[in-house]
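Asks: Supplied in structure tokens, the structure appears directly below.
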Amino acid sequence: MHATRLFAPLIPLVLLVTPAFAADGGTYDVVVYGGTSAGVTAAVQVKKMGRSVVIVCPDVHLGGLSSGGLGFTDTGNKAVIGGLAREFYHRVWEHYQDPAAWNWQPRDEYGNRGQGTPAIDGKLRTQWIFEPHVAEAVFEEFVAEHEIPVHRDHWLDRASGVVVRDGRIVSITTTDGTKYSAKMFIDATYEGDLMAAAGVTYTVGRESQDQYGEQYNGVQTGTLHHSHHFGDLPPISPYVVADDPTSGLLPKISAEPPGEFGAADDKVQAYCYRLCMTDHAPNRVPFARPDGYDPADYELMLRIFAAGWREGFQKFDRIPNHKTDTNNHGPMSTDNIGMNYDYPEASYARRREILDEHRRYEQGWFYFITNDPRVPEDVRTAMSHWGLARDEFTDNENWPHQIYVREARRLVGQFVVTENEILKRRPTPDSVGMGSYAMDSHNVQRYVTPEGHVQNEGDIGVSTGGPYRIAYGALVPQRGECANLLVPVCVSASHIAFGSIRMEPVFMILGQSAATAAVLAIEDDTPVQDVPYETLSARLIADGQVLTAPELEKAAAARGVDVRSLAGSAVDDDRAERAGSWTQSTSSPRYVGHGYRHDGNGGSGNSRARFTAELPQPGRYEVRLAYT
Numbered sequence: 086m087h088a089t090r091l092f093a094p095l096i097p098l099v100l101l102v103t104p105a106f107a108a109d110g111g112t113y114d115v116v117v118y119g120g121t122s123a124g125v126t127a128a129v130q131v132k133k134m135g136r137s138v139v140i141v142c143p144d145v146h147l148g149g150l151s152s153g154g155l156g157f158t159d160t161g162n163k164a165v166i167g168g169l170a171r172e173f174y175h176r177v178w179e180h181y182q183d184p185a186a187w188n189w190q191p192r193d194e195y196g197n198r199g200q201g202t203p204a205i206d207g208k209l210r211t212q213w214i215f216e217p218h219v220a221e222a223v224f225e226e227f228v229a230e231h232e233i234p235v236h237r238d239h240w241l242d243r244a245s246g247v248v249v250r251d252g253r254i255v256s257i258t259t260t261d262g263t264k265y266s267a268k269m270f271i272d273a274t275y276e277g278d279l280m281a282a283a284g285v286t287y288t289v290g291r292e293s294q295d296q297y298g299e300q301y302n303g304v305q306t307g308t309l310h311h312s313h314h315f316g317d318l319p320p321i322s323p324y325v326v327a328d329d330p331t332s333g334l335l336p337k338i339s340a341e342p343p344g345e346f347g348a349a350d351d352k353v354q355a356y357c358y359r360l361c362m363t364d365h366a367p368n369r370v371p372f373a374r375p376d377g378y379d380p381a382d383y384e385l386m387l388r389i390f391a392a393g394w395r396e397g398f399q400k401f402d403r404i405p406n407h408k409t410d411t412n413n414h415g416p417m418s419t420d421n422i423g424m425n426y427d428y429p430e431a432s433y434a435r436r437r438e439i440l441d442e443h444r445r446y447e448q449g450w451f452y453f454i455t456n457d458p459r460v461p462e463d464v465r466t467a468m469s470h471w472g473l474a475r476d477e478f479t480d481n482e483n484w485p486h487q488i489y490v491r492e493a494r495r496l497v498g499q500f501v502v503t504e505n506e507i508l509k510r511r512p513t514p515d516s517v518g519m520g521s522y523a524m525d526s527h528n529v530q531r532y533v534t535p536e537g538h539v540q541n542e543g544d545i546g547v548s549t550g551g552p553y554r555i556a557y558g559a560l561v562p563q564r565g566e567c568a569n570l571l572v573p574v575c576v577s578a579s580h581i582a583f584g585s586i587r588m589e590p591v592f593m594i595l596g597q598s599a600a601t602a603a604v605l606a607i608e609d610d611t612p613v614q615d616v617p618y619e620t621l622s623a624r625l626i627a628d629g630q631v632l633t634a635p636e637l638e639k640a641a642a643a644r645g646v647d648v649r650s651l652a653g654s655a656v657d658d659d660r661a662e663r664a665g666s667w668t669q670s671t672s673s674p675r676y677v678g679h680g681y682r683h684d685g686n687g688g689s690g691n692s693r694a695r696f697t698a699e700l701p702q703p704g705r706y707e708v709r710l711a712y713t
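Count along the sequence shown from 1, then add 85; that gives the number in our numbering.
See below:
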């Protein structure tokens, strides 16, 4: 096999020969690579169907983001969360029924606020908001009950560790030389490393609007959703010396132009760590000054504060026991915008550098706004009550073990989910699960506008208008590429469609569905692309999965008017330049696009919107205004 490399230098020769002496990790029906929430549900489903399975993962802790700080679950419509995903949230509920679980806070004091749904649903016996260590305990309980072997801290040899023969993966080998053989393989990582090493088609970055006929894909300059931008503030200079381009740019601002609106690029949305914080003094660890800290990295924050911004605490989302799931919020926050572009394809060593830089940035951000004397006193006083939770992530200095990889590689499979399926413009074939959370992308770039001001780009938040179906074809490679691989995390979807699918409950759903298909493919001795949908759907429904919700889908589908269907040059509020406070809503029965904005009837005159139309030629035009 290696004869052509016989005269290679000594070190490459050793690296090539090592797998020949690989330790035998075993032969299984299914190998699941990745210890994410999807990896666990996939493995459990394989065992429930009577087949052998192993989880091989670079992780030490099971559960990915669900146990890594994301406890304020992006639920969407909980009616479409079934199967093992619902079982997970039921077990979380069971944990908190024990009064001993409330060790820092009385249950009655906690309240019941969730994300679009009550945190604790006594009627359905589920709990959607939880502490990281509780989620991890549930995942460990899953694998222990089903006697699933978990080989932790085992990293795929991405260069030569995946053996593909006649269109099928035969085995995978990890960097320590351990070899795993199986009939089926499931890539449950956030990065899609097994998928890529197997040679199937995938993509990184944003497609153009034209590629799939989408409105919200590609570069989105001027689209200002949420409040994670500078559009609601007075103009802020990006330069070291304000308004002096010769002084250079402040840190974390790109000198590159953002690209044409709607164009494709190879950039990915920002990552952050979802910190578990507390304002309960007995359990609080003060924010430490990180090695390499430089207050100049946060000069932009001082200008944001000087402009009057004070919304920094709006995403300290409460979870039990006086803790938080802390997320990005505002123009400059925990998202390390633009610092992760090479992460999806990077080597393990380079990824570690990126992770370290992200941690240093985020630790420094909290240290800065808590301690720097130039930060407004009211901010420093408020932050002085906060710190990391002492009893979480105890083996990692109370820092999450998993960064929020919101997006990396995405499969280009048998079926590509786009916004057109999610918004119910086109039907979805062969549903294997449902999603419902908004199409949500975090910022991709921080750049300098033509006017010389700083601005963010890429943040999108568009309602799906209710639940939508996810096609089985989005979990499998194109026919002829690989007959025994399923991908329930880095699914086949456009960038903006993935922005909704990428929620943890959906990953658990798709992990179970992928495993079901894998076992059926073994039983029928067929490629995963040819698993009979009637058989697959029947088993999924029998196991509690929700594949359709006709009434919910029907109610949601007909409300918004596609702006592209309007004659002339139509400008929706998504494309308006806005100032002041605006709230997005979908309450009215009809609207253009996927919602509308209102000023809350404040009557202050501070909320303004400027609509700029691109006209084909000079002349007289009729102007029409649609409002709710």
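In this text, a Cβ means the ideal position worked out from N, Cα and C, and glycines have one as well. On a predicted model such as this, the values are computed, not experimentally measured, just so you know.
Rounded to a whole number of angstroms, what is the C-alpha to C-alpha distance between Gly167 and Val289?
Replies: For Gly167 and Val289, the distance between alpha carbons rounds to 30 Å.
Asks: According to DSSP, Glu542 sits in a beta bridge with which residue or residues?
Replies: In the DSSP output, where bridge partners are listed per residue, Glu542 has Gln530.
Asks: Which word fits Pro562, buried or exposed, when buried means at least 16 other C-beta atoms lie within 10 angstroms of its C-beta?
Replies: So Pro562 ends up on the buried side.
Asks: Pick out the complete beta strand (DSSP E) segments inside the stretch 98–162, 3 residues or longer, and give them in chain order.
Replies: You should have 108–118 and 138–141.
Asks: Taking all protein chains shown into account, decide if Thr479 is buried (16 or more other Cβ within 10 angstroms of its Cβ) or exposed.
Replies: Result: exposed.
Asks: Taking the C-alpha atoms as reference points, what is the distance between Ser521 and Gly546?
Replies: Rounded to whole angstroms, Ser521 to Gly546 spans 13 Å at the Cα level.
Asks: Taking Cβ to Cβ, would you say Tyr275 is nearer than 8 Å to Val490?
Replies: Yes.
Asks: If you follow the beta strand (DSSP E) that Phe401 is part of, which residue opens it and which one closes it?
Replies: Phe401 to Ile404 is the extent of the beta strand (DSSP E) around Phe401.
Asks: Reducing DSSP to helix, strand and coil, say where Gln597 ends up.
Replies: Gln597: helix per DSSP, three-state reduction.
Asks: Between which residues of its own chain and Lys132 is the CB-CB distance below 7 Å, once the five residues before and five after are set aside?
Replies: The answer, listed in chain order, is Val138, His231 and Ile233.
Asks: Quick check on DSSP: helix, strand or coil for Gln200?
Replies: DSSP places Gln200 in coil when its eight states are reduced to three.
Asks: Would you mind reading off the limits of the alpha helix (DSSP H) that contains Thr620?
Replies: Here the alpha helix (DSSP H) through Thr620 covers Tyr618 to Ala627.
Asks: For Asp376, which residues in the same chain have their Cβ closer than 8 Å to its Cβ, ignoring the five residues on either side in sequence?
Replies: Excluding positions up to five away in sequence, the list reads Arg445.
Asks: According to DSSP, what are the bridge partners of Lys264?
Replies: Bridge partners of Lys264: Asp109 and Thr258.
Asks: Closest to Tyr378 by CA distance: which of Gln448, Pro405 and Ala434 is it?
Replies: When each option's Cα is compared against that of Tyr378, the closest is Gln448.
Asks: Classify Leu560 as buried or exposed, calling it buried when 16 or more other Cβ atoms lie within 10 Å of its own Cβ.
Replies: Buried, by the Cβ-count rule.
Asks: Using 10 angstroms around the beta-carbon of Asp402, count the other beta-carbons present and answer buried if the total reaches 16, otherwise exposed.
Replies: Answer is buried; the Cβ neighbour count reaches 16.
Asks: Where does Arg359 fall in DSSP's three states?
Replies: The answer is coil: DSSP assigns Arg359 none of H, G, I, E or B.
Asks: Is it true that the CB of Val502 sits closer than 8 Å to the CB of Leu582?
Replies: According to the sequence shown, residue 582 is Ala rather than Leu. Yes, these two residues count as a Cβ contact at 8 Å.
Asks: Rounding to the nearest angstrom, what Cα-Cα distance links Ala556 and Gly277 in this structure?
Replies: Going by the C-alpha atoms only, they are around 19 Å apart.
Asks: Counting only the same chain and skipping the five closest in sequence on each side, list residues whose C-beta sits under 8 Å from that of Asn528.
Replies: Counting only Cβ-Cβ distances below 8 Å, and skipping sequence neighbours, we find His313, His314, Gln354, Ala355, Asp420, Ile422, Asn541, Glu542, Gly543 and Asp544.
Asks: Return the CA-CA distance between Pro674 and Thr306, expressed in angstroms with no decimal places.
Replies: Only weak support is given to the placement of Pro674: the predicted model assigns it a pLDDT of 47, under 50, and the value that follows is read from those uncertain coordinates. For Pro674 and Thr306, the distance between alpha carbons rounds to 29 Å.
Asks: Given 8 Å as the limit, is there contact between the stretch 402–411 and the stretch 315–322, that is, 3 or more CB pairs closer than that?
Replies: Taking 8 Å as the limit for Cβ pairs, the verdict is that the stretch 315–322 does not touch the stretch 402–411.
Asks: Have a look at Glu221, Gly584, Asn302 and Val576 and flag the residue whose alpha-carbon is nearest the alpha-carbon of Ala599.
Replies: Ranking the options by Cα distance to Ala599, first place goes to Val576.
Asks: Going by the CB atoms, is the gap between Phe224 and Leu147 shorter than 8 Å?
Replies: Contact flag set, yes.
Asks: If you count every other CB in all the chains shown that lies within 10 Å of the CB of Pro728, and 16 or more means buried, which is it?
Replies: Only positions 86 to 713 of the chain appear in the structure, and residue 728 is not among them; the question remains open.
Asks: I need the boundaries of the beta strand (DSSP E) containing Arg495, first residue and last residue.
Replies: Its beta strand (DSSP E) spans residues Arg494 to Leu496.
Asks: Does the Cβ-Cβ distance between Ser266 and Arg531 come in under 8 Å?
Replies: No.
Asks: In angstroms with no decimal places, state the Cα-to-Cα distance between Ala348 and Tyr301.
Replies: About 11 Å.
Asks: When the Cα atoms are used, what is the spatial distance from Ala661 to Asp364?
Replies: Cα to Cα, the separation comes out at about 39 Å.
Asks: Could you round the C-beta distance between Lys268 and Ser256 to whole angstroms and report it? I think they count as a contact, below 8 Å.
Replies: Not confirmed; about 11 Å, so no contact.
Asks: Find out if the Cβ-Cβ distance for the pair Val129, Leu169 is shorter than 8 Å.
Replies: Yes, they are a contact pair.
Asks: Pick helix, strand or coil for Asp463, following the three-state DSSP scheme.
Replies: If DSSP states are grouped into helix, strand and coil, Asp463 belongs with the helices.
Asks: Would a C-beta distance cut-off of 8 Å place Val497 and Tyr287 closer than the cut-off?
Replies: For Val497 and Tyr287, yes; Cβs fall inside 8 Å.
Asks: What are the start and end residues of the alpha helix (DSSP H) that includes Asp278?
Replies: Taken as a continuous stretch (DSSP letters only), the alpha helix (DSSP H) holding Asp278 covers Asp278 to Ala282.
Asks: So is Ala711 buried or exposed if we call it buried at 16+ other beta carbons inside 10 Å?
Replies: Ala711 comes out exposed.
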